[in-house]
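Enquirer: Have a look at this one.
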Amino acid sequence: MGEVLQTKINNGISSKQIQEGLPQGSSLSCTLFLIFINDHPDVQAEKALYADDLVTWHTNKHPGISARLLNEDLDRLQNYCDKWKLKINSSKTVFSVFTKSHIAAKKNIRLSLRGTNLKNEEIPIYLGVKLDRQLTLKEFIQDLRGRANKRLQLVKRLASTSWGADKNTLRQLYIGYVRSLMEYNVALQSISSGTNKDKLDRIQSQAVHFISGGMRFTQTAACEIHTNIEPLRLQRDEAVMNMVERYKRSDKSHPNRQLIDTWKPTGRLKQKSVMDIATYLQEKHHLPNNRENL
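In terms of the UniProt record's numbering, the sequence shown opens at residue 1 and continues consecutively.
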């Protein structure tokens with residue numbers, strides 16, 4: 001392909017052409033990887049892939065059945081990887097049980113890879129999101145709150161400097177350094193309880209009061225208007241609607257479009273799903289049902 005990868009040691013530079021692989025950051029890397037694994041084996045469980053992070057899951061009221069099927073799928077994936085010289089990182093391969101039932105959570109589940117038992121991770125992290133057993137997102141939001149609070153304290157300290165004390169500078173620092181962190185996976189945050197979401201809202205309340213110079217008894221909404229900073233609640237609603245509308249306008253063969261088309265409200269769980277929230281918002285704002293494809 002004409003690519004040259006050079007290594008510099010002291011004043012010497014190599015000039016050998018690449019015999020295999022691609023330079024780091026090459027735009028072809030992801031495409032070639034997807035082509036390479038396009039013939040991956042079918043599994044009995046559901047699966048999702050982001051870059052080279054694969055997650056597979058099975059839903060059943062009997063944990064033992066799910067464990068058996070997942071072990072069979074792990075054997076298939078391991079055989080496929082052995083055939084094509086792919087290496088699974090065993091230290092990063094874990095499993096978790098998500099359930100509302102305390103009895104099911106105590107079941108002794110064993111999943112293995114190459115004869116080695118996988119670790120049962122109570123709070124796994126997938127794509128930066130901490131997932132607790134009941135999928136309340138409590139741990140995820142608590143983590144965001146802690147990190148955002150530390151950043152906000154740093155912004156407050158900068159306000160004591162001669163160059164960082166004006167309102168516009170503080171606003172830009174908050175939006176780019178603190179608010180951007182709290183907006184991570186903002187659509188998913190919407191399914192968490194109001195108590196959890198309030199933890200992030202309080203961080204913003206501190207920030208807008210601090211930036212605007214408002215008194216403690218000044219309403220947060222007034223400070224948000226004064227600083228022209230959108231409430232996190234509206235940001236969550238907007239993110240949910242944008243995500244769902246994008247998939248509703250996708251081709252009917254798209255997996256997420258199929259998931260939305262076949263979705264039905266359960267009504268038996270107190271915790272709302274993203275689709276429950278999107279349906280409520282659509283009715284609340286009288287959004288039209290006729291859509292054009294993307």
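All residues carry an ideal CB built from backbone N, CA and C; glycine is no exception.
Tell me which residues share the same chain as E230 and place their Cβ nearer than 8 Å to its Cβ, disregarding the 5 neighbours each side in the sequence.
Expert: E224
Enquirer: For A207, which residues in the same chain have their Cβ closer than 7 Å to its Cβ, ignoring the five residues on either side in sequence?
Expert: Around A207: L152, Y174, V178.
Enquirer: Beta-carbon within less than 6 Å of L99's beta-carbon, same chain only, minus the 5 sequence neighbours each way: which residues are those?
Expert: Note that residue 99 is Thr in the sequence shown here, rather than Leu. If we look at T99 and ignore the five residues flanking it on each side, its Cβ neighbours are A105.
Enquirer: Take L181 as the anchor and find which of K150, I211, A159, D198 has the nearest alpha-carbon.
Expert: K150
Enquirer: Nearest to I203 by alpha carbon, out of A148, F36, D261?
Expert: A148
Enquirer: Assuming the contact rule is C-beta atoms closer than 8 Å, V240 and I260 should be a hit. Round their C-beta distance to whole Å, please.
Expert: Not a contact, Cβ separation roughly 12 Å.
Enquirer: Taking DSSP as the reference, what is the three-state secondary structure of Y50?
Expert: Of the three classes helix, strand and coil, the one that applies to Y50 here is strand, per DSSP.
Enquirer: So for N196, helix, strand or coil by DSSP?
Expert: helix
Enquirer: Can we say the region 80-91 touches the region 59-69, given the rule of at least three CB pairs closer than 8 Å?
Expert: no
Enquirer: Using 8 Å for Cβ pairs, my map puts L28 next to L22. What's the rounded Cβ distance?
Expert: L28 to L22, Cβ: 6 Å. Contact.
Enquirer: Could you pull the DSSP bridge partners for Y126 from this structure?
Expert: V129
Enquirer: Do L232 and L281 come within 8 Å of each other at the CB atom, strictly closer than that value?
Expert: no
Enquirer: Please report the distance separating the alpha-carbon of L287 from that of V43.
Expert: Between L287 and V43, the alpha-carbon positions lie close to 39 Å from each other.
Enquirer: Which of the three DSSP states is assigned to M1 in this structure?
Expert: With a pLDDT of only 48 at M1, under the threshold of 50, the placement of this residue in the model should not be trusted, and no figure is reported.
Enquirer: In the DSSP assignment, the alpha helix (DSSP H) including R171 goes from what residue to what residue?
Expert: 167-173
Enquirer: If we ignore side chains and look at the alpha-carbon of each, how far apart do M1 and V55 end up?
Expert: Low confidence applies here, because M1 scores a pLDDT of 48, under 50, leaving its location unreliable; read the following figure in that light. Straight-line spacing of the CA atoms in M1 and V55 works out to 33 Å.
Enquirer: Return the chain-ordered list of same chain residues with a C-beta closer than 7 Å to the C-beta of L135, the five sequence neighbours on each side being excluded.
Expert: Excluding sequence neighbours, L135 sits near F98.
Enquirer: Please list the terminal residues of the continuous alpha helix (DSSP H) segment that includes R76.
Expert: Annotation: the continuous alpha helix (DSSP H) that includes R76 extends over 63-83.
Enquirer: Please report the distance separating the alpha-carbon of L118 from that of R110.
Expert: In a straight line, the C-alpha of L118 is about 7 Å away from that of R110.
Enquirer: Who are the Cβ neighbours of K107 in its own chain at under 8 Å, not counting the five residues just before and after it?
Expert: Shown here for K107: same chain residues with a beta carbon closer than 8 Å to its own, the five before and five after excluded, namely P63, G64, V97 in chain order.
Enquirer: Taking the C-alpha atoms as reference points, what is the distance between R216 and G194?
Expert: 22 Å
Enquirer: Closest by CA to F210, which one among Y247, V155, Q24?
Expert: V155
Enquirer: Tell me the rounded alpha-carbon separation between Q24 and Q271.
Expert: Here the C-alpha atom of Q24 lies approximately 43 Å from the C-alpha atom of Q271.
Enquirer: Apart from the five residues on each side of it in sequence, which residues of its chain come closer than 7 Å, Cβ to Cβ, to Q189?
Expert: L137, I141, K197, R236
Enquirer: To the nearest angstrom, report how far apart L127 and Y50 are at their CA atoms.
Expert: Counting only the Cα atoms, Y50 lies some 9 Å from L127.
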